[in-house]
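Peer 1: I have a structure I would like to understand better, so I am pasting it below and will then ask my questions one at a time.
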DNA sequence: CCCTGATTCGC
DNA sequence: GCGAATCAGG
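Numbering (the UniProt record's numbering), first residue to last: 1 to 165.
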C-alpha cells in the first residue's frame, strides 16, 4: 500500500467525515484494518469505539492504570455528526457526502488548509487534476463548508431526489 | 452473523 | 511502516 500524501489526505478526509473504517476501506480499496492501522499510526481521532478493551490475552501486560481524568472531550458539532454514511431521517437534511461524488477534503492541497477547520472544504474541480482546489472560504460554524457551499451540501431530501435521480 | 473500532505482531 | 489476525462490544 502506497501511503502517499494524497491518499493519506483522502483517508483523513473520509475519517473526518465520520465514515466507518470499513467504509473508508471500501472507498479507498483497502481493508478496514489498513484504515484503522494507518489512522492509528497517524494519530487520527480516537473515534468512539464500540468496544472497551478489558483484558489483553496476548501481551497480558496490565498497562499503567490510567487515572481516569475527565479527559472526555465532547467534539463540537463537527462534520461527523451529520455525515452519516447510512440513510438519515427523511425529514431532516442530508449531506451530499453520501453521494458517489462526495465533497471531501484532500490533504494534497496544503496542511494548513486541512488543519483549519474553519475553512470551507468544498472541492472545486476534479481531485487529482490540475486546477483542483478547495473553496477555502469562511466555513459556517459547525460545518465544513462556507455558507454558499453549505447550501449545496446540505439539501433537503425531497429537494435532492429530483436532482439526484 | 452482521456490524463496529483497537491492538498486536510478523513481516 | 504496514496490515491481517485477532480481540471485543453492539
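Backbone N, C-alpha and C define an ideal beta-carbon position, used for all residues, glycine too.
1) Cβ atoms of residue 15 and residue 39: under 7 Å apart, would you say?
2) Would you identify the three-state DSSP class for residue 147, choosing helix, strand or coil?
3) If contacts are defined as beta-carbon pairs under 8 Å, then residue 32 and residue 22 qualify, I think. What distance do you get, rounded to the angstrom?
4) Judging by CA-CA distance, which residue of 135, 20 and 24 is the nearest neighbour of residue 50?
5) Alpha carbon to alpha carbon, how far is residue 150 from residue 9?
6) State the beta-bridge partners of residue 124 as determined by DSSP.
7) Could you check what DSSP says for residue 138 in three-state terms: helix, strand or coil?
8) Distance check for residue 3 and residue 168, CA to CA, integer angstroms please.
9) I'd like to check one pair, residue 120 with residue 142: are the Cβ atoms closer than 7 Å?
10) Output the distance between the C-alpha atoms of residue 30 and residue 7, rounded to the nearest integer angstrom.
11) Using CA coordinates, which residue listed in 1, 43 and 45 is at the minimum distance from residue 25?
12) Buried or exposed for residue 153, going by 16 or more other Cβ atoms inside 10 Å?
13) Let's see if you can read the secondary structure: which residues bound the alpha helix (DSSP H) around residue 27?
Peer 2: So, from the listed chains and residues:
1) Mapped onto the first chain, residue 39 falls at position 39. Mapped onto the first chain, residue 15 falls at position 15. For residue 39 and residue 15, yes; Cβs fall inside 7 Å.
2) Indexing the first chain from 1 puts residue 147 at position 147. In this structure, residue 147 counts as helix in the three-state DSSP scheme.
3) For the purposes of this step, residue 32 is taken as the residue at position 32 of the first chain. For the purposes of this step, residue 22 is taken as the residue at position 22 of the first chain. The C-beta separation of residue 32 from residue 22 comes to about 4 Å, placing the pair in contact by the 8 Å criterion.
4) Within the first chain, the letter at position 50 stands for residue 50. Answer by Cα proximity: 20.
5) By 1-based counting over the first chain, the position of residue 150 is 150. By 1-based counting over the first chain, the position of residue 9 is 9. Rounded to whole angstroms, residue 150 to residue 9 spans 21 Å at the Cα level.
6) For this step, residue 124 is matched to residue 124 along the first chain. The partner list for residue 124 (beta bridge, DSSP) reads 133.
7) One-based indexing of the first chain puts residue 138 at position 138. Correct three-state label for residue 138: strand.
8) Nothing in the structure corresponds to residue 168, since the chain is present only between 1 and 165.
9) Along the first chain, read from residue 1 onward, the residue named residue 142 stands at position 142. Along the first chain, read from residue 1 onward, the residue named residue 120 stands at position 120. No, these two residues do not count as a Cβ contact at 7 Å.
10) Here residue 30 refers to the residue found at position 30 when the first chain is read from its first residue. Here residue 7 refers to the residue found at position 7 when the first chain is read from its first residue. Rounded to the nearest angstrom, the two C-alpha atoms are 11 Å apart.
11) The count along the first chain starts at 1 and reaches residue 25 at position 25. Ranking 1, 43 and 45 by Cα distance to residue 25 puts 1 first.
12) By 1-based counting over the first chain, the position of residue 153 is 153. Buried, since its Cβ has 16 or more Cβ neighbours within 10 Å.
13) Taking the first residue of the first chain as 1, we reach residue 27 at position 27. Following the DSSP letters along the chain, one finds residue 27 inside the alpha helix (DSSP H) bounded by residues 21-28.
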